[in-house]
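**Student:** This is the structure I have questions about; it appears just below.
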Amino acid sequence: MSSEWDQKLVIGGKPKKSVVAKKESDVNAARRAGQAVSTDKKLTPGLNTTNAGSDHARIAKLDRENEVAPPSKVAPSVGKAIMAARMELKLTQKDLAVKVNEKANVIQDYEGGKAIPNAQVLGKLERILGVKLRGANIGAKMEGPGSKKKAEAEAAAATTSK
Numbered sequence: 003m004s005s006e007w008d009q010k011l012v013i014g015g016k017p018k019k020s021v022v023a024k025k026e027s028d029v030n031a032a033r034r035a036g037q038a039v040s041t042d043k044k045l046t047p048g049l050n051t052t053n054a055g056s057d058h059a060r061i062a063k064l065d066r067e068n069e070v071a072p073p074s075k076v077a078p079s080v081g082k083a084i085m086a087a088r089m090e091l092k093l094t095q096k097d098l099a100v101k102v103n104e105k106a107n108v109i110q111d112y113e114g115g116k117a118i119p120n121a122q123v124l125g126k127l128e129r130i131l132g133v134k135l136r137g138a139n140i141g142a143k144m145e146g147p148g149s150k151k152k153a154e155a156e157a158a159a160a161t162t163s164k
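The sequence shown begins at 3 in my numbering and counts up by one.
Right under this line is the structure:
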């Protein structure tokens, strides 16, 4: 018990760093003394490596281009798919906007093909409308949750019953 009271507590004390030997004689002396010696080679001595690993070809290409590429817009097929699915559910643009927690202007932009695609907004629209809006088969009906497992189970049952 008394040993706990005798210990000193140093707040903010720095741990001892390993000594870096710059001379060959210092390294040999440490080896003779039986100390652990590790040697690391500098990868790029004397060079500024702050930009190491960046894609220089891509950056150079961007520097050579004079025009700034505008961001991509939503494809017209996506807008038509949103409009068709919305009409099928008998929703107005405002009603759909309320359901996906967005402004009515956002729905107008998506249907008109003027919006910059946002994965979160497209995901919300897909869930509410039940139609694929990303990837292949844009406008195709989405299957409900668990329908893949049901289809696999039915296929397995059909093969075992033969």
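For each residue, glycine too, the CB sits at the ideal point set by N, CA and C. Just so you know, these numbers come straight off a predicted model, no measurement behind them.
Output the residue ranges of the alpha helix (DSSP H) runs that lie fully inside the segment 14–96 and measure 4 residues or longer, sorted by chain position.
**Tutor:** Complete alpha helix (DSSP H) runs here, min 4: 26–34, 58–66, 78–90.
**Student:** Given that a residue counts as buried once 16 or more other Cβ atoms are within 10 Å of its Cβ, and exposed if not, what is residue 156?
**Tutor:** Within the sequence shown, the letter at position 154 stands for residue 156. Flag for residue 156 reads exposed.
**Student:** Which of helix, strand or coil does DSSP assign to residue 143?
**Tutor:** Here the question's residue 143 lines up with position 141 in the sequence shown. It is a strand residue.
**Student:** Determine contact between the segment 69–82 and the segment 100–117, defined as no fewer than three beta-carbon pairs at a distance below 8 Å.
**Tutor:** They touch, by the three-pair rule.
**Student:** According to DSSP, simplified to helix, strand and coil, what is residue 123?
**Tutor:** Stepping through the sequence shown from its first residue, residue 123 is reached at position 121. Helix.
**Student:** Inspect the CB distances between the segment 125–142 and the segment 85–95 and report whether three or more fall short of 8 Å.
**Tutor:** Flag = yes, the segment 125–142 and the segment 85–95 touch.
**Student:** Helix, strand or coil: which one does DSSP assign to residue 133?
**Tutor:** Within the sequence shown, numbered from 1, the residue matching residue 133 stands at position 131. Here residue 133 sits in strand by DSSP.
**Student:** Can you grab the Cα-Cα spacing for the pair residue 9 / residue 20, in whole Å?
**Tutor:** Indexing the sequence shown from 1 puts residue 9 at position 7. Indexing the sequence shown from 1 puts residue 20 at position 18. So the alpha carbons of these two residues sit roughly 25 Å apart.
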